[in-house]
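The sequence shown lines up with residues 1 to 386 when you count with UniProt numbering.
Okay, so here's the structure we're looking at.
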Amino acid sequence: MFNYIFLADEYTAHGADVNCLALGHKSGHVLVTGGDDKKINLWAVGNSNCIMSLPGHTTPVHCVRFSHTENHVCAGSAAGALKIWDLEAAKMMRALTGHSKSVRAIEFHPYCDIITTGSVDTSIKLWDLRRKGCIFMYEGHTMAVNSLKFSPDGQWIASAGQEGAVKLWDLRSRAILKEFTEHTGPATSVEFHPHEFLLASAAQDNSVKFWDLEHFNLVSSTPIEVPHARCLHFCSSGKCLYAAGHDILRTHLWEPGRTVNTTHANWGRIQDIATTNSKLVGASFNQRNVSVWLVDLNQLVQSDPGDESSPVRSPFAHGNSLRKSFNKQKPTPEAKKSLTVRTIEESERSETDPEDEILPEISNDYRSIFQPNRTCEWYLFIYFLF
């Protein structure tokens, strides 16, 4: 094991098998898990004590996701139910139903009170959290939807399907914008470039592909490498892509397409990665246990065989781009209204049910992490951790 990748923590996260987890990508310092015990548990990276346990689901939890601000968590169950929790208030704010089968993917809109979800029932739903209902349903995948992402400007949704298709949906026209069918195995993950019109997708055909979203063509594809990537994450500058698979972390460039670093890890079934303070945080699970890993990115960037001084030589790197960039300026309230459409499917349980009145179990660490009047203590804790 290299000294720049190490196990930061390992603990029993649930009373039954863990099914899913997600890191908070804004900070990389919080983690949420869901399990067969029907609970959603919250953790601070570096602390093996659960800081909050959220009850309420009546079937196993199969998907979890933080909002971009890390103030909310959405969890989807095996039965297709959704619950959204306000972490600062420590209460459930929405309970939604609509999917007929297990929820596989959840994503929060970057600036609107909207989420999108994908399911084994093959549908993609768009939910308005203010109206407590589904406002639109996208149909087009023929098998389960494995991954969903909003574009940085919030205008598009990218989806990855079990049948291998990668689709791009336009929120304004409510229609499919483009379908990419070059993958020859189930598509497992999609990730937008943080600045440019570029999309990365991973599949079980053991490739990562890069798509130009201005001309809708394939930019490049990585060499076939085993094992396949389970999760993707562009670095904040947009200069490279990290792709994590079973016991492996690779660093990719796309023009030309190549792998500039391969690091072997013992993290097993990796589920999510995030970056913070020149560190990559990885989280995985095995049965009831969760493992958190840290990677020193300053060590990874020295291993490009083509250029010892800098592994990132793409002419499309942020700041020297020839490709169109996303406009990430938040729209005015008038512009936001164009994203709001008539609710076509009201939730069967849009109001709080008696079972939802069960209060979450909260540890002493909760207020120092999720309540704004104590954020100084949280950042002090993170400073010493990283």
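Idealized CB from N, CA, C, for every residue including glycine.
For residue i, does the count of other Cβ atoms within 10 angstroms reach 16, so buried, or fall short, so exposed?
i       : result
Ala-283 : buried
Ala-229 : buried
Val-226 : exposed
Pro-311 : Confidence is the limiting factor: at Pro-311 the pLDDT is only 42, short of 50, which leaves the residue's position unreliable, though a coordinate-based value still follows. The residue in question, Pro-311, is buried, as its Cβ has 16 or more Cβ neighbours within 10 Å.
Ile-273 : buried
Thr-184 : exposed
Ser-123 : buried
Ser-237 : exposed
Ala-89  : exposed
Glu-196 : buried
Along the beta strand (DSSP E) that carries residue i, what are the first and last residues, could you check?
i       : result
Asn-289 : 289 to 296
Thr-263 : 257 to 264
Ile-58  : Rather than Ile, the amino acid found at residue 58 in this sequence is Thr. That residue, Thr-58, is in no beta strand (DSSP E); it is neither H nor E in DSSP.
Ala-165 : Looking at the DSSP string, Ala-165 is not in any beta strand (DSSP E), and its letter there is neither H nor E.
Val-145 : 145 to 150
Asp-272 : 270 to 276
Cys-231 : 229 to 234
His-246 : No beta strand (DSSP E) contains His-246, which DSSP labels as neither H nor E.
Ile-40  : 40 to 44
Cys-134 : 133 to 138
Lys-279 : 279 to 286
Glu-10  : 5 to 12
Leu-198 : 198 to 203
Cys-74  : 72 to 77
Cys-20  : 18 to 23
Asn-217 : 217 to 221
Gly-34  : 30 to 35
Ile-115 : 114 to 119
Arg-104 : 103 to 108
Val-190 : 187 to 192
Arg-94  : 91 to 96
Phe-326 : Phe-326 -> no beta strand (DSSP E), and no H or E assigned at all.
Please work out which residues of its chain come closer than 8 Å, Cβ to Cβ, to residue i, disregarding the five sequence neighbours upstream and downstream, and give them in chain order.
i       : result
Asn-289 : Glu-10, Tyr-11, Thr-12, Ala-13, Val-18
Ile-5   : Leu-249, Thr-263, Ala-265, Trp-293, Leu-294, Val-295, Asp-296
Asp-170 : Gln-155, Trp-156, Ile-176, Leu-177
Glu-182 : Lys-209, Leu-218, Ser-221
Ile-224 : Asp-205, Asn-206, Ser-207
Leu-54  : Lys-39, Ile-40, Asn-41, Leu-42, Val-73, Ala-75, Lys-83, Trp-85, Met-92, Pro-360
Ser-291 : Leu-7, Asp-9, Glu-10, Trp-267, Gly-268, Ala-283, Ser-284, Phe-285
Thr-276 : Ser-27, Gly-28, His-29, Phe-386
Given a cut-off of 7 Å on the beta-carbon distance, is the pair residue i and residue j in contact?
i       : j       : result
Pro-60  : Phe-326 : no
Asp-121 : Ser-100 : yes
Thr-263 : Leu-241 : no
Ser-220 : Phe-210 : yes
Phe-108 : Ser-67  : yes
Val-190 : Ala-144 : no
Lys-324 : Glu-163 : no
Phe-150 : Pro-110 : yes
Leu-300 : Asn-261 : yes
Ala-16  : Gly-34  : no
Round the Cβ separation of residue i and residue j to the nearest angstrom and send it over; I've been treating them as touching at under 8 Å.
i       : j       : result
Arg-104 : Cys-63  : 6 Å
Trp-293 : Leu-23  : So it is not a contact: roughly 11 Å between Cβ atoms.
Ala-187 : Ala-203 : 5 Å
Gly-161 : His-193 : Contact flag wrong, Cβ pair sits at about 21 Å.
Going by beta carbon distance, what residues of the same chain come within less than 7 Å of residue i, once the five residues before and after it are set aside?
i       : result
Thr-222 : Ser-207, Val-208, His-252, Gly-257, Thr-259
Arg-349 : Its pLDDT being 42, under 50, Arg-349 is placed unreliably in this model, and the coordinates cannot settle the point.
Glu-70  : Gly-24, Lys-26, Ser-27, Val-30
Ser-77  : His-57, Thr-59, Pro-60, Val-61, His-62, Val-103
Leu-243 : The sequence given here has Ala at residue 243, not Leu. Closer than 7 Å at Cβ, skipping near neighbours: Ala-202, Val-208, Ala-229, Leu-232, Arg-250, His-252.
Phe-216 : Lys-178
Asp-37  : His-14, Gly-15, Ala-16
Ile-115 : Cys-74, Ile-106, Glu-107, Phe-108, His-109, Trp-127, Leu-129
Excluding the five sequence neighbours on either side, which residues of its own chain have a C-beta within less than 6 Å of the C-beta of residue i, listed in chain order?
i       : result
Ala-79  : Thr-59
Cys-134 : Gly-98, Lys-125, Trp-127, Glu-345
Gly-268 : Ser-284, Asn-286
Asn-298 : Ser-278
Asp-113 : Leu-129, Arg-130
Asp-212 : Val-219
Arg-65  : Ala-22, Cys-74, Ile-106
Ile-270 : Arg-230, Ala-244, Gly-282, Ser-284
Tyr-138 : Ile-124, Trp-169
Consider the Cβ of residue i: report whether some Cβ of chain B lies at a distance smaller than 7 Å.
i       : result
Cys-235 : The structure shown contains no chain B; it is built from a single protein chain.
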